[in-house]
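A.B. asks: Sharing a structure below in structure tokens format, with a few things to ask.
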Amino acid sequence: MKALLNILVLLVPIILFGWVSFVYLDLDGTTTIVWEAGDNSAFVHGLRPTGRVGALQTTADGDAYFPIDGDPVYVSVTPPGNYETVDMRVWVKTEDQPIIELGATVNAVAGQIDLRPLVNTVLDGLDWVQERRDSIVLYQRVGTYEDVASILQDPPSLSTIATYHYALPEDNVVPRAWTYNGFVRQTQVSLRGFHEFVTVTNGRGFSIDALYMDMNRNPGADPVAIRVFQGQELVAEVKADDDGVTDDTNAAIDRRTLHLDVVGLQAGLVKVELNAGNDIYWRELSTTLPKLTYTKNVFVGDEVGYLDDPRPVELWTDAQHITLFTRHAEGVQTVSLGGQTIEIAVPHEQYAVENAHVGVTKLTIPKGDLLVVTDGRVAFSQDAFFNPFPVQLNDRTNVDKLGIDTIIATYPQTQADGPWTVGQAQFWLPPLEREGGDADQGLKDGSYRFVLSFPNIAERGATVDVHKIELTFTRPGRSLGDVFSLMLKKISQALK
Numbered sequence: 002m003k004a005l006l007n008i009l010v011l012l013v014p015i016i017l018f019g020w021v022s023f024v025y026l027d028l029d030g031t032t033t034i035v036w037e038a039g040d041n042s043a044f045v046h047g048l049r050p051t052g053r054v055g056a057l058q059t060t061a062d063g064d065a066y067f068p069i070d071g072d073p074v075y076v077s078v079t080p081p082g083n084y085e086t087v088d089m090r091v092w093v094k095t096e097d098q099p100i101i102e103l104g105a106t107v108n109a110v111a112g113q114i115d116l117r118p119l120v121n122t123v124l125d126g127l128d129w130v131q132e133r134r135d136s137i138v139l140y141q142r143v144g145t146y147e148d149v150a151s152i153l154q155d156p157p158s159l160s161t162i163a164t165y166h167y168a169l170p171e172d173n174v175v176p177r178a179w180t181y182n183g184f185v186r187q188t189q190v191s192l193r194g195f196h197e198f199v200t201v202t203n204g205r206g207f208s209i210d211a212l213y214m215d216m217n218r219n220p221g222a223d224p225v226a227i228r229v230f231q232g233q234e235l236v237a238e239v240k241a242d243d244d245g246v247t248d249d250t251n252a253a254i255d256r257r258t259l260h261l262d263v264v265g266l267q268a269g270l271v272k273v274e275l276n277a278g279n280d281i282y283w284r285e286l287s288t289t290l291p292k293l294t295y296t297k298n299v300f301v302g303d304e305v306g307y308l309d310d311p312r313p314v315e316l317w318t319d320a321q322h323i324t325l326f327t328r329h330a331e332g333v334q335t336v337s338l339g340g341q342t343i344e345i346a347v348p349h350e351q352y353a354v355e356n357a358h359v360g361v362t363k364l365t366i367p368k369g370d371l372l373v374v375t376d377g378r379v380a381f382s383q384d385a386f387f388n389p390f391p392v393q394l395n396d397r398t399n400v401d402k403l404g405i406d407t408i409i410a411t412y413p414q415t416q417a418d419g420p421w422t423v424g425q426a427q428f429w430l431p432p433l434e435r436e437g438g439d440a441d442q443g444l445k446d447g448s449y450r451f452v453l454s455f456p457n458i459a460e461r462g463a464t465v466d467v468h469k470i471e472l473t474f475t476r477p478g479r480s481l482g483d484v485f486s487l488m489l490k491k492i493s494q495a496l497k
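Take 2 as the starting number for the sequence shown in my numbering and just add one per residue.
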């Protein structure tokens, strides 16, 4: 008996040491952190800003939760070590908010967020034929196609397809008629600041010419660049330095031009970025390709310092939802969208309108000086308009009105846990931005900043209850040699 006790006395510390070592040193490369509403966690630092997060509440079953009524809400997470991926699961409950997305901050200054689908009640509520392959889901009114691959081989009209977090290959979206010879000359509008447009080529090169002015309305330098991309590759670029005036003089010293020849292209879509701050006004733009549409948003600038009187601007869009905004009293005006009129009555107020029409509609802006935010494409002539993309499904898309028969979505399967819906998303950690940090603890740059997005939640007066967040961090497992090296490193750090 005494011998058995002696063995236990020896084994218990060894077992405890082994268990602690396994957990602390993370031999299997996996660590899971769980945060529930109301917890004080060393890893998950709550939901912010507090103005969008209600007081802690509890369900009849004892589940704590925070009600959220604003967008977005941020969650800072200090990882328990250096990992490669994180799988996140979020417990939510909502009746009125159709789409919830989870994002990770890549570059806070640039506003670059890697958004992933979390919960989509628009898709969940469809009584359509469904075919799921992992996280890719095909929804059809009528089961015409067997799977996504068969759609890509023989696609229907783009106007009948919607996508959600899924990009169709460009080979499937470029009819030859879009690549015939022609040109676009845009001279009747001034665009302010950064803009992005797409055009299309049959493989031949093309040129871009831009006339711009630095209006020097804000202090600081205003460099300018035009960048051309095909796929993810930068294929051409031209840059220009500031005009030499860094004070807010509210005057341009001259009109400047940029010219760019683009060669070595494949047949297909081309994306062009007009990179500039809000002091830069693009007064004229021309290309030697026949199609040119802007991505969602355009900032129609004022003509002060360029023309004596404002001029009307006409643009064409297939957007279903448009928000209009002006910063200046001079931008107060009555705008027309097809047969609809929108009164821009005061500056610094957003005016939202739903397009009563389907297809391409003319938007007339009598005085310019208007930010136009859309969920579609925009062109400044009807001939230049084209949309090489399917409808992008969002929280306000009316699939019946638009005649959508097919939806392709990246949408990981949600689960039910009592009254809670559990959504999930995975992120690759190395490219994500991190805040702060303590190198002595082996953390390279501190906390990750994740984002819970609830599009238009305040506008519809909805709330989302958040109960729990689970994070599973993974990396390759450690060998005994790795453990020994890590222990030596930590001992060395402790002795310093």
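Ideal placement from N, C-alpha and C gives every residue a C-beta, glycine not left out.
Given that a residue counts as buried once 16 or more other Cβ atoms are within 10 Å of its Cβ, and exposed if not, what is I254?
C.D. replies: Position 253 of the sequence shown, counting from 1, holds the residue named residue 254. Result: exposed.
A.B. asks: For F184, count the other beta carbons within 10 Å of its own beta carbon; 16 or more makes it buried, fewer makes it exposed. Which is it?
C.D. replies: Residue mapping note: residue 184 aligns to position 183 of the sequence shown, counting from 1. With fewer than 16 other Cβ atoms within 10 Å, it is exposed.
A.B. asks: Between A109 and R117, what straight-line distance do the alpha-carbon atoms span, to the nearest angstrom?
C.D. replies: The residue given as residue 109 occupies position 108 in the sequence shown. The residue given as residue 117 occupies position 116 in the sequence shown. Each residue's Cα considered, the two are about 17 Å apart.
A.B. asks: What three-state label does DSSP hand E460 in the structure shown?
C.D. replies: Translated into the one-based positions of the sequence shown, residue 460 becomes position 459. It is helical.
A.B. asks: Please give the ranges of any alpha helix (DSSP H) in the stretch 324 to 394, keeping only runs that are unbroken, at least 4 residues long and fully inside the region.
C.D. replies: none
A.B. asks: How many angstroms separate the CA atom of N41 from the CA atom of A150?
C.D. replies: Counting from one through the sequence shown, the residue named residue 41 turns up at place 40. Counting from one through the sequence shown, the residue named residue 150 turns up at place 149. Cα to Cα, N41 sits roughly 47 Å from A150.
A.B. asks: Please determine, among T60, Y165, V78, the residue with the shortest C-alpha to C-alpha distance to G437.
C.D. replies: Taking the sequence shown and counting its residues from 1, the one referred to as residue 437 is at position 436. Comparing Cα positions, the closest option is V78.
A.B. asks: Less than 9 Å between CB atoms is the rule here; does V54 satisfy it with respect to chain D?
C.D. replies: No chain D appears in the structure shown, which is made up of a single protein chain.
A.B. asks: Could you have a look at A222 and say whether DSSP puts it in helix, strand or coil?
C.D. replies: Along the sequence shown, one-based indexing puts residue 222 at 221. Note: A222 maps to coil in three-state DSSP.
A.B. asks: Measuring straight from C-alpha to C-alpha, what distance separates H166 and Y412?
C.D. replies: Translated into the one-based positions of the sequence shown, residue 166 becomes position 165. Translated into the one-based positions of the sequence shown, residue 412 becomes position 411. Cα-Cα distance, rounded: 8 Å.
A.B. asks: What residue range is occupied by the uninterrupted beta strand (DSSP E) comprising I69?
C.D. replies: Position 68 of the sequence shown, counted from the start, is the residue given in the question as residue 69. Element bounds for I69: 65 to 69.
A.B. asks: When burial is assigned at 16 or more other CB atoms within 10 Å of the CB, is D248 buried or exposed?
C.D. replies: For the purposes of this step, residue 248 is identified with residue 247 of the sequence shown, where counting begins at 1. Exposed is the call here.
A.B. asks: Is F451 closer than 9 Å to V465 when the C-beta atoms are compared?
C.D. replies: On the sequence shown, residue 465 is found 464 positions in, with the first residue counted as 1. On the sequence shown, residue 451 is found 450 positions in, with the first residue counted as 1. It is not a contact, given that the beta carbons lie outside the stated cut-off.
A.B. asks: Take every Cβ of the stretch 327 to 343, pair it with every Cβ of the stretch 376 to 395, and state whether three or more of those distances are shorter than 8 Å.
C.D. replies: no
A.B. asks: Using a Cβ-Cβ cut-off of 7 Å (strictly less than) and excluding sequence neighbours within five positions of V45, which residues of its own chain qualify?
C.D. replies: The count along the sequence shown starts at 1 and reaches residue 45 at position 44. Closer than 7 Å at the Cβ level, and outside the excluded window around V45, lie I34, W36, V76, V78, I470.
A.B. asks: Can you give me the C-alpha to C-alpha distance between V143 and L119, rounded to a whole angstrom?
C.D. replies: Residue numbering aside, residue 143 sits at position 142 when the sequence shown is read from its first letter. Residue numbering aside, residue 119 sits at position 118 when the sequence shown is read from its first letter. In a straight line, the C-alpha of V143 is about 26 Å away from that of L119.
A.B. asks: Exposed or buried, E355, counting other C-beta atoms within 10 Å across all chains shown (16 or more means buried)?
C.D. replies: Residue mapping note: residue 355 aligns to position 354 of the sequence shown, counting from 1. E355 should be labelled exposed.
A.B. asks: Pick from P391, G339, V333: whose alpha carbon is nearest that of P367?
C.D. replies: Taking the first residue of the sequence shown as position 1, residue 367 is located at position 366. The shortest Cα separation from P367 among P391, G339, V333 belongs to V333.
A.B. asks: Quick check on the DSSP output: the alpha helix (DSSP H) that includes Q98 runs from which residue to which?
C.D. replies: Residue numbering aside, residue 98 sits at position 97 when the sequence shown is read from its first letter. That residue, Q98, is in no alpha helix (DSSP H); it is neither H nor E in DSSP.
A.B. asks: I need the DSSP call for L116, collapsed to helix, strand or coil.
C.D. replies: The sequence position of residue 116 within the sequence shown is 115, counting from 1. Strand.
A.B. asks: For P313 and L259, what's the separation of their Cα atoms in angstroms?
C.D. replies: Reading the sequence shown from its first residue, position 312 is the one you call residue 313. Reading the sequence shown from its first residue, position 258 is the one you call residue 259. Between the alpha carbons of P313 and L259 lies a distance of about 25 Å.
A.B. asks: What is the residue span of the alpha helix (DSSP H) that Q141 lies within?
C.D. replies: Reading the sequence shown from its first residue, position 140 is the one you call residue 141. Q141 -> not in any alpha helix (DSSP H); beta strand (DSSP E) instead, spanning 137 to 141.
A.B. asks: Could you compute how far the alpha carbon of V138 sits from the alpha carbon of N217?
C.D. replies: As a first step, residue 138 must be located in the sequence shown, where it is residue number 137. As a first step, residue 217 must be located in the sequence shown, where it is residue number 216. If I take the Cα positions, the gap works out to 49 Å.
A.B. asks: Applying the criterion that 16 or more other CB atoms from any shown protein chain within 10 Å of the CB defines a buried residue, is W429 buried or exposed?
C.D. replies: Taking the sequence shown and counting its residues from 1, the one referred to as residue 429 is at position 428. Under this definition W429 is an exposed residue.
A.B. asks: Would L472 and D88 be called neighbours here (beta carbons separated by less than 9 Å)?
C.D. replies: Indexing the sequence shown from 1 puts residue 472 at position 471. Indexing the sequence shown from 1 puts residue 88 at position 87. Yes; because the gap between Cβ atoms is below 9 Å, this pair is in contact.
A.B. asks: Could you tell me the alpha carbon to alpha carbon distance between G30 and P431, rounded to whole angstroms?
C.D. replies: By one-based count along the sequence shown, residue 30 stands at place 29. By one-based count along the sequence shown, residue 431 stands at place 430. Distance between the alpha carbons of G30 and P431: 16 Å.
A.B. asks: Among the candidates D242, T161, Q393, Q231, whose CA atom is the shortest distance from the CA of A222?
C.D. replies: If you number the sequence shown from 1, residue 222 lands on position 221. Selected option, being the one with the closest Cα: D242.
A.B. asks: Which of the three DSSP states, helix, strand or coil, is assigned to L131?
C.D. replies: Position 130 of the sequence shown, counting from 1, holds the residue named residue 131. According to the sequence provided, residue 131 is Gln. The question's Leu does not apply to it. Q131: strand per DSSP, three-state reduction.
A.B. asks: Tell me which same chain residues have a C-beta within less than 6 Å of the C-beta of Y307, skipping the five on either side of it?
C.D. replies: Position 306 of the sequence shown, counting from 1, holds the residue named residue 307. None.
A.B. asks: State the Cα-Cα distance for the pair V199 and P220, rounded to the nearest angstrom.
C.D. replies: For the purposes of this step, residue 199 is taken as residue 198 along the sequence shown, with counting starting at 1. For the purposes of this step, residue 220 is taken as residue 219 along the sequence shown, with counting starting at 1. The alpha-carbon atoms of V199 and P220 are separated by roughly 31 Å.
A.B. asks: Do you know offhand how far I252's Cα is from I405's?
C.D. replies: One-based indexing of the sequence shown puts residue 252 at position 251. One-based indexing of the sequence shown puts residue 405 at position 404. Strictly speaking, residue 252 in this sequence is Ala, with Ile absent from that position. When rounded, the distance between both Cα atoms is 49 Å.
A.B. asks: So, for F18: in the same chain, excluding its five sequence neighbours on each side, which residues have a beta-carbon less than 8 Å away from its beta-carbon?
C.D. replies: Here residue 18 refers to the residue found at position 17 when the sequence shown is read from its first residue. Reliability of the predicted coordinates at F18 is poor, the pLDDT of 47 falling under 50, and no value is obtained from them.
A.B. asks: Quick one: is G478 buried, meaning 16 or more other Cβ sit within 10 Å of its Cβ, or exposed?
C.D. replies: Within the sequence shown, residue 478 is the residue found at index 477, counting from 1. By the C-beta density criterion, G478 is exposed, having fewer than 16 other C-beta atoms within 10 angstroms.
A.B. asks: How long is the line joining the alpha carbons of H322 and T32, rounded to whole angstroms?
C.D. replies: Against the sequence shown, residue 322 aligns to sequence position 321. Against the sequence shown, residue 32 aligns to sequence position 31. Approximately 43 Å between the Cα atoms of the pair.
A.B. asks: Could you compute how far the alpha carbon of V225 sits from the alpha carbon of R134?
C.D. replies: Translated into positions along the sequence shown, residue 225 becomes position 224. Translated into positions along the sequence shown, residue 134 becomes position 133. Cα to Cα, the separation comes out at about 44 Å.
A.B. asks: Tell me which same chain residues have a C-beta within less than 6 Å of the C-beta of V239, skipping the five on either side of it?
C.D. replies: For the purposes of this step, residue 239 is taken as the residue at position 238 of the sequence shown. Excluding positions up to five away in sequence, the list reads I227, L259, L261.
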